[in-house]
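J.: Residue numbers (the working numbering): 55 to 509.
#1: Nearest to residue 113 by CA position, among 236, 65, 200, is which residue?
#2: Out of 450, 289, 307, which has the shortest C-alpha to C-alpha gap to residue 345?
#3: With 16 as the cutoff for other CB atoms within 10 Å, does residue 165 come out buried or exposed?
#4: Is the beta carbon of residue 482 closer than 8 Å to that of residue 148?
#5: Under the rule that 16 or more other beta-carbon atoms within 10 Å means buried, what is residue 424, buried or exposed?
#6: Can you check which of these residues, 455, 478, 354, is closest to residue 208 by C-alpha distance?
#7: Smallest Cα separation from residue 417: which of 190, 214, 498?
#8: Assign residue 224 to one of two classes, buried (16 or more other C-beta atoms within 10 Å of its C-beta) or exposed (fewer than that).
#9: Going by Cα to Cα distance, which pick from 471, 412, 307 is closest to residue 432?
#10: Measure how close the beta-carbons of residue 377 and residue 392 come, nearest whole angstrom, since I'm counting them as under 8 Å.
#11: Which residues bound the beta strand (DSSP E) around residue 485?
#12: Alpha helix (DSSP H) containing residue 427: first to last residue?
#13: Please report how far the alpha carbon of residue 394 lies from the alpha carbon of residue 457, in whole angstroms.
#14: CA-CA distance, residue 366 and residue 359?
#15: Between the region 439 to 449 and the region 399 to 412, do at least 3 Cβ pairs fall closer than 8 Å?
#16: Whose C-alpha, out of 83, 163, 286, is nearest the C-alpha of residue 121?
#17: Taking residue 508 as the reference, give the member of 196, 98, 159 with the closest Cα.
#18: Between which two residues does the alpha helix (DSSP H) containing residue 217 stretch?
#19: If you drop the 5 nearest sequence neighbours on each side, which residues of the same chain put their C-beta closer than 8 Å to that of residue 493?
#20: If I measure Cβ to Cβ from residue 212 and keep anything under 6 Å in the same chain, skipping five residues before and after, which residues do I get?
#21: How close, in whole Å, do the beta carbons of residue 426 and residue 183 come, if the pair is a contact with beta carbons under 8 Å?
#22: Helix, strand or coil: how does DSSP classify residue 141 here?
#23: So, does the CB of residue 83 fall closer than 8 Å to a CB anywhere in chain B?
The following block contains the structure:
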């Protein structure tokens, strides 16, 4: 793979310019006004993959945003790798907190700044350019397929049906994903587990219109006050979720498993400094690594109601709403958790208001065995590139469709991501280190080499 590595070295500037073109497309799947940008981004990627060496590259329709599919076949005897990624990005709000233009990427302090720089345009583009390097140098040892979707940030609703419809087309020996992070560049890791997700929206309604808070305050229930109480009561003083039955299917780790899990290096003081917080909070009796990796959690993602613009407007709002996500661990079913949430929220709501609960989307937890050939290949590739054997690591994040791939396509996924906590994905000032970008591009061809050998 030295030839591929040399090709990347010689084309670094070109690859960065191309990535910047991709990052400039505001492909925000959550906002309908960006629908044309979604298609423009898909078409850009299909054309790019074709130029990179794909035999076939096209934009394929779904009920929602299109999927970019591409393939390169080298031999009937070679294993097939299906590369999954997503070209949609999160909204940029709050815009005023960005230090740069979100969709005008720049390089500062050795990092690429811009929305999607890591999640997931920067990471998926590593695969496209590593693929190009192998095609250009005649060193591609596997058949390769690409499936790049435009709805991951909103739950991948259309991709499940796409997979059902195109099972034959998507046949592969492994699905390769770079949409996760490492512990650090000094402590490389491979994600072998993801938490599941149940994402809900609640609405609390009081009077049928906004009321004057002076004339009615103290006499009529304020939906914002009620919602604040209901949401606060979802977590108790020990950091545990109060929904009855929430923990029924959670498997407690044995003492030996907990000891092994906490061997990963973790500096609590550095963690707090990086987040600018004085103390950490979470479920009592568990470490921060456990809380974010193998324990479930519940968080308010957004809450609104009433007047929030400049100045004052003294009202009791008619409605108040919140979006709430619950991260789940193996054996928890997001359908069941969503039903438990709805039943509990409706039961505890006082009669002075009406509540509506809606499940937005979700997905099952996922575990990747560390003894499968793809994991062993990734382990060797990362060790060769980083000089250290990577640690297996359970991520607190969720990629709901990963478990869907296994149930629909019958294919395991390998989660070989190169992100870092400092990349601020989903937040203002998202970035991606140049070292991460090019180190990932160096590692990917080695994965193909060792996977072909192990298969």
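We put the CB at the ideal spot given by N, CA and C, even for glycine.
Quantities reported herein were computed from a predicted structural model and do not represent experimental measurements.
T.: Quick look at the numbers:
#1: On the chain shown, position 59 is the one that residue 113 refers to. Considering only alpha carbons, the answer is 200.
#2: As a first step, residue 345 is located in the chain shown; it is residue number 291 there, counting from the start. It is 450 whose Cα lies nearest to the Cα of residue 345.
#3: Counting from one through the chain shown, the residue named residue 165 turns up at place 111. Residue 165 should be labelled buried.
#4: The residue you call residue 148 lines up with position 94 of the chain shown. The residue you call residue 482 lines up with position 428 of the chain shown. Contact flag set, yes.
#5: For the purposes of this step, residue 424 is identified with residue 370 of the chain shown, where counting begins at 1. Exposed.
#6: Residue mapping note: residue 208 aligns to position 154 of the chain shown, counting from 1. For residue 208, the nearest C-alpha among the options comes from 455.
#7: Numbered from its first residue, the chain shown carries residue 417 at position 363. Ranking the options by Cα distance to residue 417, first place goes to 214.
#8: Within the chain shown, residue 224 is the residue found at index 170, counting from 1. Flag for residue 224 reads buried.
#9: Taking the chain shown and counting its residues from 1, one reaches residue 432 at position 378. Among 471, 412, 307, the Cα nearest to that of residue 432 belongs to 471.
#10: The count along the chain shown starts at 1 and reaches residue 377 at position 323. The count along the chain shown starts at 1 and reaches residue 392 at position 338. Actually they are not in contact, since the Cβ atoms of residue 377 and residue 392 sit about 13 Å apart, beyond 8 Å.
#11: The residue labelled residue 485 in the question sits at position 431 within the chain shown. Where residue 485 is concerned, the enclosing beta strand (DSSP E) stretches over 485 to 487.
#12: Within the chain shown, residue 427 is the residue found at index 373, counting from 1. From DSSP, the alpha helix (DSSP H) with residue 427 extends over 427 to 440.
#13: By 1-based counting over the chain shown, the position of residue 394 is 340. By 1-based counting over the chain shown, the position of residue 457 is 403. About 21 Å.
#14: Position 312 of the chain shown holds residue 366. Position 305 of the chain shown holds residue 359. Cα to Cα, the separation comes out at about 14 Å.
#15: no
#16: Position 67 of the chain shown, counted from the first residue, corresponds to residue 121. Closest by alpha carbon: 83.
#17: For the purposes of this step, residue 508 is taken as residue 454 along the chain shown, with counting starting at 1. Selected option, being the one with the closest Cα: 196.
#18: What you label residue 217 is simply residue 163 of the chain shown in a count that begins at 1. First-last of the alpha helix (DSSP H) with residue 217: 211 to 219.
#19: Locating residue 493 in the chain shown gives position 439, where the first residue counts as 1. Once the five neighbours on either side are set aside, the close Cβ partners of residue 493 are 239, 439, 440, 472.
#20: Within the chain shown, numbered from 1, the residue matching residue 212 stands at position 158. Here the set comprises 116, 117, 118, 205.
#21: On the chain shown, position 372 is the one that residue 426 refers to. On the chain shown, position 129 is the one that residue 183 refers to. With 8 Å as the limit, residue 426 and residue 183 do not qualify as a contact, their Cβ atoms being about 26 Å apart.
#22: If you number the chain shown from 1, residue 141 lands on position 87. Residue state, collapsed to three classes: coil.
#23: Looking at the structure shown, chain B is missing, and only one protein chain is on hand.
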